[in-house]
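There are 2 protein chains.
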Amino acid sequence: MSQAAFVKEELQNLFCSEKKETRLLELLRQMQPYDLAEIFRDLDVDLQRELITHLSLAHAAEVLEYLEPERTYELLSRMDETVTSLLIKQMSSDMVVDLLLAIHPLQAEKLQRLLPADYRKKIKQLMTYPEDTAGGLMTVDYVSARAYWTGEQTIRHIRKVGYEAEIVSYIYVTDQRGKLFGVASLKEIILADPKTPLSDIAKTDIISVPAETGQEEVASVLSRYGFYAVPVVDRQHRLIGIVTYDDVVEVIQEEATEDIQKIGGSQPLTEPYFKTSIWSLYRKRIVWLFILFVGGAYTATVLESYQSTLDQVVALSFFIPLLIGTGGNTGSQIVTTLIRALGVGEVKFQDLFRVIKKELLTGMFLGMSLGLIGFIRAWIMGVTFDVAYVVALAAMFIVIWSSVVSAALPLILSRLKADPAVVSGPLISTLVDGTGLIIYMTIAKMILEL
Amino acid sequence: MSQAAFVKEELQNLFCSEKKETRLLELLRQMQPYDLAEIFRDLDVDLQRELITHLSLAHAAEVLEYLEPERTYELLSRMDETVTSLLIKQMSSDMVVDLLLAIHPLQAEKLQRLLPADYRKKIKQLMTYPEDTAGGLMTVDYVSARAYWTGEQTIRHIRKVGYEAEIVSYIYVTDQRGKLFGVASLKEIILADPKTPLSDIAKTDIISVPAETGQEEVASVLSRYGFYAVPVVDRQHRLIGIVTYDDVVEVIQEEATEDIQKIGGSQPLTEPYFKTSIWSLYRKRIVWLFILFVGGAYTATVLESYQSTLDQVVALSFFIPLLIGTGGNTGSQIVTTLIRALGVGEVKFQDLFRVIKKELLTGMFLGMSLGLIGFIRAWIMGVTFDVAYVVALAAMFIVIWSSVVSAALPLILSRLKADPAVVSGPLISTLVDGTGLIIYMTIAKMILEL
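Printed below as a string of structure tokens:
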């Protein structure tokens, strides 16, 4: 990235002076849009405008797609209206929709007026789909062709309209009524005899998704089949857009972030970390902290009911944090593994008993190991043999108990159509804390004959 | 998927009888390789072999790519050697490598002997790269062209070699020595004048990755720039392969799974859940459970040292699980958010003080809220005003303390080049358990004047 740093430095001087170094401009034109956008962020808006005019329309539009909507709007609003109109038309339609939804409605209105009537209608239509559905993710910048066209005709068509399309690797083939007929890859069209009609080239067993499909489902279809893009259809099975893989990568990342935050016991943040205000962090976190605090307070009631036991053998209270902590740790390991396995489809509710059996067996071995270690540790601390024995047995049974509860809960929640990620590490810890105490105290009373 | 179910049912009878229904075969030929592979899993190997022979070579090879390596080998080993050889040649080279690495070395040797000498050499070379690097992910089935070729020549070349290439949407342009010169999209070649040389069409500011680049870095490059594929080069900057987007989607999913499992306090599983044996689950989990159990045992020592305090006011011990649980929950919320933010690059070590400040402030508000609730809860339980006051203060300070520790730890670990995901929810809980107890007992001694 030393190249980028060099460009940035040179730029500051360049456009102030009159001589425009062609070498530098050449360099700029060769740079990746993402890298140019990174440089843009550090420049003031006049320099940005100056720069944009030196790039090709396609290149400039791509750079704008990588900028934050507010910056893009600020820049566009300072340019000549004709240029602005051309740039927006060149941008990928899903990006235009994101831009229009992010800025003020009046600003959005103003931008839309610069678009040709038919494109404006398309964009307006796109803006009606919820953000997290196939309709919200899709772009209308694809190439479609009629089933009766020959390969030759299709390539001529691509030559004509290809400039505005986001991808041309797949050509979507429709019938006379606009219904999705099939998909042909550009590779297949080129490899076929030029006179072959598309209806003979295209695959007709096509996977498509309705516009209202959730983004998670779209991501799973696309990654399952290894597609570059998946077509989106309306209720009449008419082709209305495509979702490309780069949007899906973003969705996958977002969903993983949400799952991780939920597993941590917080409501997922809707903005990046530093854009989230302290007040917003507070609200996202206090919900579960409050529920867990109030719910967890029953542990105090449990302990109170064993007051006489604790009074008689104070040493028992020393091991409370260790034992309930171990139950929580075991639970946390299991629920995170299962939530993810449910998320990627490796495990389903029907596997309930298989999962419980597996976790029960694993839990027994883990419990025996930790029980043994617990005995040694307590013994070293100098408590009586009986107390050490109680600690060992309690460690074992708490781990086994926690294993079964943690195996069952996420699967049962998924069956109830609830999000299994609700069973966060903190929730399972809190749940097994109280029951763990009961196990501990019951064993103590039995062994110590209190 | 009713189509798939229908096909599966019909298939069982079909090949046993002599009449081969052309309609069914037509249906099979139109199906997605992924769906066909799903059906294949339920069929016995003779039927699989029969079926394969009815598909086109390209289609059959793709189906094989979706099967588990062991099944693919079993199937291939029962086919005619010529067919096997053709199928392997048609398969994507990265898939062939995965297959050869997964089966027994002797079996792999046998399969390799069926390949033409030059392709065998390429595959042997590919097998030397570690699985989780660019070299391990890449395929050699791309189209490369010389910089001096015209667009027309290039398209003729694609027609000739395109059948074996995995993608032809990008043409990789090299100079005479095989060094990467640039990339031209098929779209650009088609849109350009047929006489233009590739050197004028290709973009030369290309992003490529060295073969030894880690898979996470490759995924991040590809998704950052929204590329369809990224070229892989050797130390002499010679083009040796490409990594395509579908592999990257897999890598992103894998990495998210690993992070989630680590956050849960387990070593990441290397296989899907049901393929992981109980013994393997045990080993992955016992490591951290053991460390946390032995480490967490210091809480017993802490409590022992406050034995006289606990003896005097037994009620104090009732709130131990609640208070340390709350500290752990707060910590778990923060570390999961920060680990993910570090993972996707939203937060860096340089932001340490900004993060601490943000978490400290949020922690103060959360602490005050929970302190208030804690006071009410303890009061309702009927403990003395003083004890309730101690619980409230302890809740507040424990939350604040846990916030600061949890904010600092993941960032410091990332600075030390350690994986911040090591700071799992269970680890941070264990860490703040003991310190939380010290805070609680210190406040108790001060307020209750013990």
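Respectively, the protein sequence lines represent chains A and B.
In this text, residue positions in the first sequence follow full-length UniProt numbering: the first is 1, and each later residue adds one.
In this text, residue positions in the second sequence follow full-length UniProt numbering: the first is 1, and each later residue adds one.
Ideal Cβ positions, reconstructed from N, Cα and C, are used throughout, including at glycine.
Through-space distance from residue j to residue i, alpha-carbon basis
i: Arg238 of chain B; j: Glu26 of chain A; result: 25 angstroms
i: Ile189 of chain A; j: Ser406 of chain B; result: 57 angstroms
i: Met446 of chain B; j: Ile291 of chain A; result: 30 angstroms
i: Ser305 of chain A; j: Thr442 of chain B; result: 25 angstroms
i: Leu67 of chain A; j: Pro33 of chain A; result: 10 angstroms
i: Thr336 of chain B; j: Ser56 of chain A; result: 43 angstroms
i: Lys275 of chain A; j: Ser317 of chain A; result: 44 angstroms
i: Met1 of chain A; j: Glu38 of chain A; result: Confidence at Met1 of chain A is low in this model, with a pLDDT of 43, below 50, so the placement of that residue should be treated as unreliable; the coordinate-derived value is given next. For Met1 of chain A and Glu38 of chain A, the distance between alpha carbons rounds to 11 angstroms.
i: Trp149 of chain A; j: Ser169 of chain A; result: 17 angstroms
i: Trp401 of chain B; j: Thr72 of chain B; result: 56 angstroms
i: Lys358 of chain A; j: Phe349 of chain A; result: 14 angstroms
i: Ala108 of chain B; j: Leu126 of chain B; result: 14 angstroms
i: Thr435 of chain B; j: Leu269 of chain B; result: 32 angstroms
i: Thr154 of chain A; j: Ala145 of chain A; result: 7 angstroms
i: Ile439 of chain B; j: Glu346 of chain B; result: 33 angstroms
i: Gly135 of chain B; j: Glu250 of chain B; result: 16 angstroms
i: Tyr298 of chain B; j: Leu99 of chain A; result: 55 angstroms
i: Glu131 of chain B; j: Ala58 of chain A; result: 37 angstroms
i: Leu338 of chain B; j: Pro410 of chain B; result: 7 angstroms
i: Lys122 of chain A; j: Asp419 of chain A; result: 35 angstroms
i: Glu217 of chain B; j: Ala256 of chain B; result: 14 angstroms
i: Tyr245 of chain B; j: Phe181 of chain B; result: 21 angstroms
Residues sharing a beta bridge with residue i, DSSP
i: Arg146 of chain A; result: A:Thr174
i: Pro243 of chain A; result: Contrary to the premise, residue 243 of chain A reads as Val rather than Pro in this sequence. In the DSSP output, where bridge partners are listed per residue, Val243 of chain A has A:Val230.
i: Val209 of chain A; result: A:Val232
i: Thr309 of chain B; result: Partner(s): none; Thr309 of chain B has no beta bridge.
i: Thr442 of chain A; result: According to DSSP, which records beta bridges pairwise, Thr442 of chain A is partnered with nothing at all.
i: Thr133 of chain A; result: A:Gly214
i: Thr139 of chain A; result: A:Ile242
DSSP state of residue i mapped onto helix, strand, coil
i: Gly182 of chain A; result: strand
i: Arg238 of chain B; result: strand
i: Met1 of chain A; result: Caution applies to Met1 of chain A, whose pLDDT of 43 falls short of 50 and renders its modelled position unreliable; the model cannot decide the point.
i: Gly345 of chain B; result: coil
i: Val251 of chain A; result: helix
i: Lys195 of chain A; result: coil
i: Lys203 of chain B; result: strand
i: Gly265 of chain B; result: coil
i: Gln270 of chain B; result: Note on identity: in this sequence residue 270 of chain B is Thr, with Gln being the wrong assignment. Three-state result, Thr270 of chain B: coil.
i: Gly382 of chain A; result: coil
i: residue 475 of chain B; result: Since the first residue shown for chain B is 1 and the last is 450, residue 475 of chain B is missing from the structure and cannot be characterised.
i: Thr128 of chain A; result: coil
i: Glu304 of chain B; result: helix
i: Ala37 of chain B; result: helix
i: Ala117 of chain B; result: helix
i: Ser169 of chain A; result: coil
i: Ala256 of chain B; result: helix
i: Ala418 of chain A; result: coil
i: Asp42 of chain B; result: coil
Segment limits, alpha helix (DSSP H) that includes residue i
i: Pro69 of chain A; result: 69–77
i: Ala407 of chain B; result: 385–415
i: Lys275 of chain A; result: That residue, Lys275 of chain A, is in no alpha helix (DSSP H); it is neither H nor E in DSSP.
i: Leu106 of chain B; result: 105–112
i: Met95 of chain B; result: 93–102
i: Ser424 of chain B; result: Here Ser424 of chain B belongs to no alpha helix (DSSP H), and DSSP marks it neither H nor E.
i: Gln30 of chain A; result: 22–30
i: Ile151 of chain B; result: Note that residue 151 of chain B corresponds to Gly in the displayed sequence, not to Ile. Where Gly151 of chain B is concerned, the enclosing alpha helix (DSSP H) stretches over 151–161.
i: Glu81 of chain A; result: 81–90
i: Ala315 of chain B; result: 315–318
Residues of the stretch 23–41 of chain A whose Cβ lies closer than 7 angstroms to any Cβ of chain B, in chain order = Gln30, Met31, Gln32, Tyr34
Using a Cβ-Cβ cut-off of less than 8 angstroms, list which residues of the stretch 258–269 of chain B approach chain A; keep chain order.
-> Asp259, Ile260, Gln261, Ile263, Gly264, Gly265, Ser266, Leu269
Anything in the stretch 304–328 of chain A with a Cβ closer than 7 angstroms to a Cβ of chain B? List those residues in chain order, please.
-> Glu304, Gln307, Leu310, Asp311, Val314, Ser317, Phe318, Phe319, Ile320, Pro321, Leu322, Ile324, Gly325, Thr326, Gly328
Could you please tell me which residues of the stretch 233–247 of chain B, in chain order, have their CB closer than 7 angstroms to any CB of chain A?
-> Tyr245, Asp246
Between the stretch 351–378 of chain A and chain B, which residues of the former have CB atoms less than 9 angstroms from a CB of the latter, in chain order?
-> Asp351, Arg354, Val355, Lys358, Glu359, Leu361, Thr362, Phe365, Leu366, Ser369, Leu370, Ile373, Gly374, Arg377, Ala378
Looking at chain A, which residues of the stretch 280–303 of chain B have a Cβ within less than 8 angstroms of any of its Cβ atoms?
-> Leu281, Tyr282, Arg285, Ile286, Trp288, Leu289, Phe290, Leu292, Phe293, Val294, Gly296, Ala297, Thr299, Ala300, Thr301, Leu303
Which residues, taken in chain order from the stretch 377–405 of chain A, show a beta carbon closer than 7 angstroms to some beta carbon of chain B?
-> Arg377, Met381
What residues in the stretch 334–353 of chain B have a beta carbon less than 9 angstroms from any beta carbon of chain A?
-> Ile334, Val335, Thr336, Thr337, Leu338, Ile339, Arg340, Ala341, Gly343, Val344, Glu346, Val347, Asp351
Interfacial residues, the stretch 131–161 of chain B to chain A, with Cβ spacing under 9 angstroms | Ile155, Ile158, Arg159
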